[in-house]
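Numbering-wise, the sequence shown is residues 69 to 271 according to our numbering. Just so you know, even glycine gets a beta-carbon here, dropped at the ideal spot from N, CA and C. Encoded as structure tokens, the structure appears first; notes follow it.
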Amino acid sequence: MNVKLIWVTPDAENIMAYCARVSSPHQDNPEYSGLLRYCVENEHWSVFEMASLCVEITTSRAISAQILRHRSFSFQEFSQRYAEVTDIEKYQARRQAAKNRQSSVDDMSDDEKQWFDEAQHTVQSCSLRLYYKAIEKGIAKEQARFLLPMATSTRLYMTGSVRSWIHYLRLRTKPNAQLEHRDIARAIKVIFCEQLPTVGGLL
69 MNVKLIWVTP DAENIMAYCA RVSSPHQDNP EYSGLLRYCV ENEHWSVFEM
119 ASLCVEITTS RAISAQILRH RSFSFQEFSQ RYAEVTDIEK YQARRQAAKN
169 RQSSVDDMSD DEKQWFDEAQ HTVQSCSLRL YYKAIEKGIA KEQARFLLPM
219 ATSTRLYMTG SVRSWIHYLR LRTKPNAQLE HRDIARAIKV IFCEQLPTVG
269 GLL
């Protein structure tokens with residue numbers, strides 16, 4: 069998993085405050101932290117649509133499918149129809165939570181974790197070997213990719229307004245989000261807070 073900043077609206081917090089003061093005679097007021105805090109606390113969300121941020125995310129197809137569900141964002145993702153796959157992600161074994169079907173618990177034995185590691189290695193080695201064999205035989209990449217597992221690595225660009233990022237980060241940093249997705253959201257939150265420290269401090 070990897071996350072990095074691609075771009076952000078220059079002077080984003082100041083721009084949002086300037087737009088928020090469109091009806092005020094003091095639109096050029098350089099102080100904005102109190103205003104942005106007030107807008108968050110009172111859920112005046114439209115102002116946070118005046119600035120945007122784009123990040124690059126490297127993860128697996130399984131996790132990217134969860135990310136792509138956030139439809140207020142715009143996405144550009146690595147295409148397995150045009151480029152060959154080179155990597156497959158490896159993940160930790162966790163037990164299904166007893167009461168929450170969408171959660172898991174990290175309490176498995178070392179033997180169980182080792183078995184899962186070996187199972188992943190077996191599937192990944194076989195999948196990649198057959199995938200490259202299919203391409204060697206002239207089978208199109210868009211067809212050969214059906215031999216690949218959900219853990220296949222992908223890269224995508226995710227662009228959204230500050231409003232969308234506030235919603236995404238609040239939702240996906242919660243304990244009930246899948247750990248692998250939560251790790252991505254936490255990494256994005258670090259970037260978000262660096263670029264928008266006033267708004268980030270309110271998350």
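Validate contact between the stretch 226-246 and the stretch 132-149 using beta carbons, cut 8 Å, 3 pairs: yes
Meets three-Cβ-pair contact criterion under 8 Å: the stretch 214-222 and the stretch 107-118: no
As assigned by DSSP and simplified to three states, the class of S132: helix
Meets three-Cβ-pair contact criterion under 8 Å: the stretch 123-141 and the stretch 228-246: yes
Cβ-based burial, T266 [other Cβ within 10 Å; buried from 16]: buried
Distance between beta carbons of A80 and A119, contact taken as under 8 Å: 4 Å
Y159, DSSP secondary structure in three states: coil
Bounding residues of the alpha helix (DSSP H) (the contiguous stretch that carries F260): 247-263
9 Å Cβ cutoff met for L247 and R162: yes
Cβ neighbours of Y86 in the same chain (closer than 7 Å, five flanking residues each side left out): Q95
Three-state secondary structure assigned by DSSP to S232: helix
Own chain partners of L296 with C-beta closer than 6 Å, once the 5 adjacent residues on each side are dropped: Given a span of 69 to 271 for the chain in the structure shown, any question on residue 296 remains unanswerable.
Opposing strand residues paired with I125 [DSSP bridges]: V71, L224
contact_flag[the stretch 201-212, the stretch 150-162] where n(CB pairs < 8 Å) is 3 or more: yes
Endpoints, the alpha helix (DSSP H) within which S195 is located: 178-204
Segment limits, alpha helix (DSSP H) that includes Q211: 209-212
C-beta atoms of K158 and Q192 nearer than 9 Å: yes
From S128, S92, K167, V173, residue whose alpha carbon lies closest to that of T154: S128
Beta-carbon contacts of P93 that lie in its chain and below 7 Å, excluding the five residues immediately before and after: none
Distance, V123 Cα to Y199 Cα: 29 Å
Best match in D175, I156, A202 for proximity to H189 [C-alpha to C-alpha]: I156
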